[in-house]
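Here the structure comes first, spelled out in structure tokens, and everything after it is commentary.
Numbering (the numbering used here), first residue to last: 25 to 373.
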């Protein structure tokens, strides 16, 4: 994220600093004025920061600060790039087979399997982080299966309507959940309704697309960091004095960072991924899977944790804390699971 912040330092860096100050320091100084100030900063600090820095970027653009810079800098800093607002239609409705009938090829299908596998791995970790920030119990296996299945339905509908990308768990929203402390499903449902309604208006989407990318990159520095810290916090239930656990955590974190970086640098220099065989579908799967940091870390950690004397180290692994939440049978699972993860409508009754 900070790499993109550096693409336009005069916008990205003020956004990062302002967000930290408004979110963390401002409530400390204003809470003695009124109790509600802390609530306002928790809920709306990010929107306030985006509005201020976005307006600052628009002023720089209108003043001609980027008229004589490189095209690459203009793409990252200007708010009127490519005349998005003027060229966007007022109303545009998506419909099935928007770009023509679907075409299925075996090679591309296998390649997409790698992307779906990565999405499933990342979504699993994201669900645990969401549960932790929302104050819920760790999601059991059947809840994870349900959520990934619904994600697959979303990908199918997105492809049916010609969307260029599928559905996935939003890590930014998870970090936002931690900042705002708003974990209500009703909020998500209302937000979904707004998004579906306003997606019809092309000018509306183009207006928000004019936000310079370094502003989002600065936000990601905070939100992604929160989610990463939540993931690391689960290690408190394991024995952190165990050399076995230290070895697994350290190796998985390091390889989860360095292997995807190797794949990214290799692809940038060679124009293709490191995996190069006669089977294109195999290359796509390998290059996609090992380009994902969370996926690599999960593979390494799971392999080591389940092969290095797993039964002799159950207490050190923290399984005694997790097991009651992962069971589904009544009387053996935690009773709070039913409260948190039951269907809104009891379709199973």
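For glycine and all other residues, C-beta sits at the position ideal for the given N, C-alpha and C. Keep in mind that this is a model prediction, so the values were computed, not measured.
Handout entry: CB of residue 145 within 7 Å of CB of residue 319, strictly
Key = Yes, they are a contact pair.
Handout entry: For residue 90, the nearest candidate out of 77, 76, 78 and 105 (CA to CA)
Key = The shortest Cα separation from residue 90 among 77, 76, 78 and 105 belongs to 105.
Problem - C-beta atoms of residue 82 and residue 97 nearer than 7 Å - result: Result no, Cβ atoms of residue 82 and residue 97 do not sit closer than 7 Å.
Practice task
Can you grab the Cα-Cα spacing for the pair residue 46 / residue 300, in whole Å?
Solution key: Whole-angstrom Cα-Cα distance: 48 Å.
Handout entry: residue 57 - DSSP class collapsed to helix/strand/coil
Key = Here residue 57 carries a coil assignment [DSSP, helix/strand/coil].
Exercise for the section: Report yes if the C-beta distance between residue 274 and residue 131 is below 7 Å; otherwise report no. Expected result: No, these two residues do not count as a Cβ contact at 7 Å.
Problem - Nearest-angstrom Cα separation, counted from residue 327 out to residue 333 - result: Their Cα atoms are separated by approximately 11 Å.
Problem - Own chain partners of residue 186 with C-beta closer than 6 Å, once the 5 adjacent residues on each side are dropped - result: Counting only Cβ-Cβ distances below 6 Å, and skipping sequence neighbours, we find 122 and 123.
Problem - Proximity winner among 55, 198, 197 and 181, relative to residue 190 (alpha-carbon distances) - result: If we check each option's Cα against that of residue 190, 181 comes out closest.
Problem - Segments assigned alpha helix (DSSP H), at least 4 residues, entirely inside the region 306 to 330 - result: With a minimum length of 4 residues, the continuous alpha helix (DSSP H) runs that stay inside the region 306 to 330 are 317 to 329.
Practice task
Consult DSSP for residue 109 and reduce its assignment to one of helix, strand or coil.
Solution key: Residue 109: helix per DSSP, three-state reduction.
Exercise for the section: Please name the residue in 255, 179, 227 and 178 whose C-alpha comes closest to that of residue 202. Expected result: For residue 202, the closest of 255, 179, 227 and 178 by C-alpha to C-alpha distance is 255.
Problem - Own chain partners of residue 73 with C-beta closer than 6 Å, once the 5 adjacent residues on each side are dropped - result: If we look at residue 73 and ignore the five residues flanking it on each side, its Cβ neighbours are 42, 43 and 46.
Exercise for the section: Mind checking which residues open and close the alpha helix (DSSP H) that includes residue 340? Expected result: Element bounds for residue 340: 338 to 341.
Exercise for the section: Put residue 121 into one of helix, strand or coil per three-state DSSP. Expected result: Note: residue 121 maps to coil in three-state DSSP.
Exercise for the section: For residue 214, name the three-state secondary structure that DSSP assigns. Expected result: DSSP places residue 214 within a helical segment (H, G or I) once states are collapsed to three.
Practice task
Would you tell me roughly how many angstroms separate the C-alpha atoms of residue 166 and residue 149, rounded to the nearest one?
Solution key: Roughly 15 Å between the two C-alpha positions.
Exercise for the section: Excluding the 5 residues preceding and the 5 following residue 115 in the sequence, name in chain order all residues of the same chain whose CB lies nearer than 8 Å to its CB. Expected result: Shown here for residue 115: same chain residues with a beta carbon closer than 8 Å to its own, the five before and five after excluded, namely 224, 225 and 226 in chain order.
Handout entry: Environment of residue 111 [buried if 16+ CB atoms lie within 10 Å]
Key = Exposed.
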